[in-house]
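Here is the structure we will look at.
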């Protein structure tokens, strides 16, 4: 099927032609025949690299051409940025929404396509963002994540709410790995487009001793070392390919990258340039190790890296200079980084309470799907590594020849239901008990025929909790949110977290930094750090000296959960006290990416707490507002006046303060020339433009500064 013959804008078709895309792949043609351009709902379950995004993009341009507006939902912020770049520059207005969860972001309605995470869309629904009623096409990328334990229910409820709000809306759901696609298609009233076709042939096999066993052949691999994984990489690179190696932990990813770097020993000016960029900003030994690996053509990739480190690694791999990346499974979750050969080295992973367990088939399929770069590789290979002859057959049975697991709804779990039931009442989707259950009848959970009695019992218990918490009132069957409940819903925090925070604040007369931060770290919304044995001395010593500063009682049977919350709070307190990133990473056994992740998580909870304090504990609102800026920027209280200037982050503010400039008035008195000597003339010019009102006024709260400027 020729692209030029499709009902899409000529400029879009011409752009595809310039990239060598002139006709559709068979699965893409099947989407057109199934009603892509006539408003039919589609579930597109086809392999990675088979052109799912192109299908969605063509449909979106067609919809906009007819006066429609499109929403593209992704699971990860990084993927949102990738899709934003991919869709931009093609004649339509593209917006991206991944930020604050209590804003209506009405300005985004000016765009033709809005790319957003499911959590952001959920928050926009809670804040009654008007342009959501205009959505005529919803694209859901990685729709199988409805099964995700932590985020799946949010995605499912977002889809259900948007369908309820916009009954005539077209839905295109995309996935590569679903065991029961017919069930999901049935729920969505969608045509199922299912195919195993790939633009690059995928060979799946198991490596043992000196060869890869495929179903019908054996490929010999020259053994140059005692390590199977390294020899598989060297074999791929020798014939001009690249490798992704998936391992079970960050430690293993870093160890293999060092091994691969020593085996490859590549060197060229481009790799040296990547390494220099990483090294120049590296504040930890991990960053320096990464730079050393990259200089020789290898890298590791995991959530502990900083955003800039991940960006450089991904760029180097896409440009073909970095030949191998060893990664935890996070890299397989959607980012577009295909390779000639994918090595799934570790297919056992530690699960708390269960020990080492096999990874799911779906996860293997996500990894294997990265094998083979369209128009670059003649084939793709996905390789598991066996330790014995018996394991070869087991790995074929368990992974290569197995079906992906069925996708199941997560909506009936009470912990999940609590926030979503409150949201339904607050936004008017349901105003009576029967309407709550009626709305849930439209979920995937109900479609799958799960126990309606179990769901009713769970909903009843949730409604009882919300009534006792005074977040809702009930008169007969009529349900309505209180001011408290409405605020919690708009703030996008778990009602259980709100209750923990409010109950602690209403009994506090005084404020302490560590007590407040530890309180937030005990809530369901806050991820916490793993506690190592050698952390316990520092935690016990802190409790001996500062027990009275905590807001939460120390339970008599305090265990791992308490220790994790305290360790996380201490990390955040160090961040707000301007302890250096390198020291924090060393002290707590984390990477820069972990620090930023914790800061992002707690910053939102501090923001929400400020609003809750305004309602219940006004005497705490002031210090919490200060802590909101301190946690966001990583600064002591004395730098708060300076941080209000755009372009001034923790490093520049500290430099000014240490040079005797600690306020806006002191800046004016110092003058542009002196400030220029401290920060550079360019930054000084920007500051004095603000002070003189020529460019932009000083931000009243400093909330609008870019993420990058926080760390300058």
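Numbering (the UniProt record's numbering), first residue to last: 1 to 712. Just so it is clear, CB atoms sit at the ideal spot from N, CA and C, and this is done for glycine as well.
Residue i in three-state terms, based on DSSP
| i | result |
| --- | --- |
| residue 197 | coil |
| residue 117 | strand |
| residue 587 | helix |
| residue 72 | strand |
| residue 245 | strand |
| residue 698 | At residue 698 the pLDDT is 44, less than 50, meaning the model places this residue with poor confidence; the figure from the coordinates comes in the next sentence. Looking at residue 698 - three-state DSSP - the assignment turns out to be coil, as it is neither helix nor strand. |
| residue 388 | coil |
| residue 221 | coil |
| residue 543 | helix |
| residue 178 | coil |
| residue 565 | helix |
| residue 358 | strand |
| residue 38 | helix |
| residue 603 | helix |
| residue 416 | helix |
| residue 409 | coil |
| residue 45 | strand |
| residue 343 | strand |
| residue 173 | strand |
| residue 207 | strand |
| residue 529 | coil |
| residue 152 | helix |
Proximal residues to residue i (C-beta, below 7 Å), its chain only, five neighbours per side dropped
| i | result |
| --- | --- |
| residue 424 | 430, 436, 439 |
| residue 676 | 684 |
| residue 713 | Lying before the first or after the last residue shown, residue 713 is absent from the chain, which here runs from 1 to 712. |
| residue 110 | 93 |
| residue 546 | 514 |
Exposure of residue i, with buried meaning 16 or more beta-carbon neighbours within 10 Å
| i | result |
| --- | --- |
| residue 363 | buried |
| residue 220 | exposed |
| residue 607 | buried |
| residue 238 | exposed |
| residue 703 | Note that residue 703 scores a pLDDT of 40, beneath 50, so its modelled location is shaky; the value from the coordinates is reported in the next line. When all chains shown are included, residue 703 counts as exposed. |
| residue 645 | buried |
| residue 506 | exposed |
| residue 350 | exposed |
| residue 560 | exposed |
| residue 184 | buried |
| residue 291 | buried |
| residue 128 | exposed |
| residue 536 | exposed |
| residue 344 | buried |
| residue 475 | exposed |
| residue 730 | Because residue 730 is not part of the residues shown, which for the chain are 1 to 712, the question remains open. |
| residue 378 | exposed |
| residue 708 | Note on residue 708: pLDDT 34, under 50, position unreliable in the model; no value is reported. |
| residue 397 | exposed |
Nonlocal neighbours in the same chain, by C-beta distance under 8 Å from residue i, ignoring five residues either side
| i | result |
| --- | --- |
| residue 636 | 576, 577, 578, 630 |
| residue 284 | 581, 582, 585, 586, 591, 592 |
| residue 34 | 40, 42, 191, 193 |
6 Å Cβ shell around residue i - same chain, five flanking residues per side excluded
| i | result |
| --- | --- |
| residue 244 | 325, 339, 342, 370 |
| residue 139 | 56, 72, 172 |
| residue 261 | 293, 296, 298 |
| residue 166 | 135 |
Distance cut-off 6 Å: residue i Cβ against heavy atoms of the ligand MN
| i | result |
| --- | --- |
| residue 227 | Only the bare structure without any ligand can be found here, which leaves the ligand MN out of the picture. |
Cβ-Cβ separation, residue j to residue i (assumed contact under 8 Å), whole Å
| i | j | result |
| --- | --- | --- |
| residue 172 | residue 42 | 5 Å |
| residue 108 | residue 95 | 4 Å |
| residue 256 | residue 247 | 6 Å |
| residue 250 | residue 328 | 6 Å |
| residue 463 | residue 412 | No, residue 463 and residue 412 are not in contact; Cβ-Cβ is about 15 Å, not under 8 Å. |
| residue 678 | residue 655 | 6 Å |
Residue-chain proximity (residue i, chain B), Cβ-Cβ < 7 Å
| i | result |
| --- | --- |
| residue 686 | No chain B is present in this structure, which holds just one protein chain. |
At least three beta-carbon pairs within less than 8 Å, the region 457–464 to the region 405–420: yes
Does the region 497–504 touch the region 120–137, meaning 3 or more C-beta pairs lie closer than 8 Å? no
Counting pairs of Cβ atoms below 8 Å between the region 40–58 and the region 192–206, do you hit three or more? yes
Below 8 Å, how does it come out for the region 403–412 and the region 179–193: are there three or more Cβ pairs, yes or no? yes
Is there contact here, the region 78–91 with the region 208–215, by at least three beta-carbon pairs under 8 Å? no
At least three beta-carbon pairs within less than 8 Å, the region 49–61 to the region 2–21: yes
Quick test of the definition: if touching needs 3 or more C-beta pairs under 8 Å, does the region 561–569 touch the region 509–529? yes
Looking at C-beta atoms only, is the number of pairs between the region 74–89 and the region 115–126 that lie closer than 8 Å three or more? yes
Pairs of beta-carbons, one from the region 260–277 and one from the region 312–327, closer than 8 Å: are there three or more? yes
Cβ contact (3+ pairs, closer than 8 Å) linking the region 524–539 and the region 466–485: no
The region 144–158 contacting the region 18–26, beta-carbon criterion three pairs below 8 Å: no
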